[in-house]
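So the structure is just underneath, and the comments pick up after that.
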Amino acid sequence: MTLDRSGSRIDHLNVAVPDLAAAVAFYEPVLAAIGITKMLEIPPNATPNQPTAMTGFGLADVKPYFWLIDGGTVGTNMHLAFTVDTRDDVATFYRAALAAGATSLLEPARHPEYHDDYYGAFVQDPHGINLEAVCHRASV
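Mapped onto this note's numbering, the consecutive letters of the sequence shown carry residue numbers 159 to 298.
Below you can see the structure in the form of structure tokens.
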């Protein structure tokens with residue numbers, strides 16, 4: 159039996175960025191390349207506990223789960239990985255990220271130090287976040 163490593167108990171994640179418009183301009187085409195779409199734009203002060211603008215990305219017709227929050231500071235050593243279905247999707251993410259202005263950290267490759275079928279690519283986004291697309295499935 160093959161272990162399914164694609165699941166998660168994280169419902170959503172907020173990432174504070176210093177420039178929301180610049181972050182959205184980067185993430186929108188990069189995430190679209192792997193099937194994640196911009197779903198919601200929340201203006202500042204929409205609720206009492208939400209003083210800044212927010213943009214949510216997720217699976218269309220499901221829900222946003224990745225949120226960019228305006229006016230924040232990116233934490234040190236921040237890393238965010240998106241699970242994709244195929245190794246080709248990893249390469250698609252990598253190319254889209256570089257085209258959108260990311261810096262290459264690690265080209266698409268196997269990383270057996272994590273597990274035998276771990277295949278990922280790593281880039282640094284324009285705000286300094288280490289982004290990854292990872293496929294946990296064996297090559298077909």
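Heads up, the beta-carbon is just placed ideally off N, CA and C, and yes, glycines get one too.
| Does the distance from the CB of Tyr223 to the CB of Gly216 come in under 9 angstroms? | Reading the sequence shown from its first residue, position 65 is the one you call residue 223. Reading the sequence shown from its first residue, position 58 is the one you call residue 216. Between Tyr223 and Gly216, the C-beta spacing is below 9 angstroms.
| task | Could you pull the start and end residues of the beta strand (DSSP E) that Pro187 belongs to? | result | Residue 187 sits at position 29 when you count from the first residue of the sequence shown. Note, Pro187: premise wrong, no beta strand (DSSP E); alpha helix (DSSP H) at Leu178 to Ala190.
| said: Once DSSP output is grouped into helix, strand and coil, what is the label at Ala239? | reply: On the sequence shown, position 81 is the one that residue 239 refers to. Strand.
| query | Rounded to the nearest angstrom, how far is the Cβ of Val175 from that of Leu226, given a contact under 8 angstroms? | reply | Your numbering for residue 175 matches position 17 in the sequence shown. Your numbering for residue 226 matches position 68 in the sequence shown. Val175 to Leu226, Cβ: 5 angstroms. Contact.
| field | Boundaries of the beta strand (DSSP E) in which Thr195 is found, first to last residue | value | On the sequence shown, position 37 is the one that residue 195 refers to. Annotation: the continuous beta strand (DSSP E) that includes Thr195 extends over Thr195 to Ile200.
| Pairwise C-alpha distance: Val232 and His285 | The residue you call residue 285 lines up with position 127 of the sequence shown. The residue you call residue 232 lines up with position 74 of the sequence shown. If you draw a straight line from the Cα of His285 to the Cα of Val232, it is about 7 angstroms long.
| field | Three-way DSSP call (helix, strand, coil) for Leu171 in this model | value | As a first step, residue 171 is located in the sequence shown; it is residue number 13 there, counting from the start. Strand at Leu171.
| said: Measuring only the C-alpha atoms, how far is Met212 from Glu186? | reply: Residue numbering aside, residue 212 sits at position 54 when the sequence shown is read from its first letter. Residue numbering aside, residue 186 sits at position 28 when the sequence shown is read from its first letter. Between Met212 and Glu186, the C-alpha separation is close to 14 angstroms.
| field | Contacts around Ile194, its chain only, beta-carbon distance under 8 angstroms, and the 5 residues preceding and following it disregarded | value | Residue 194 sits at position 36 when you count from the first residue of the sequence shown. Excluding five sequence positions before and after Ile194, the CB atoms of its chain that fall closer than 8 angstroms to its own CB belong to Phe215, Gly216, Leu217, Phe224 and Phe240, given in chain order.
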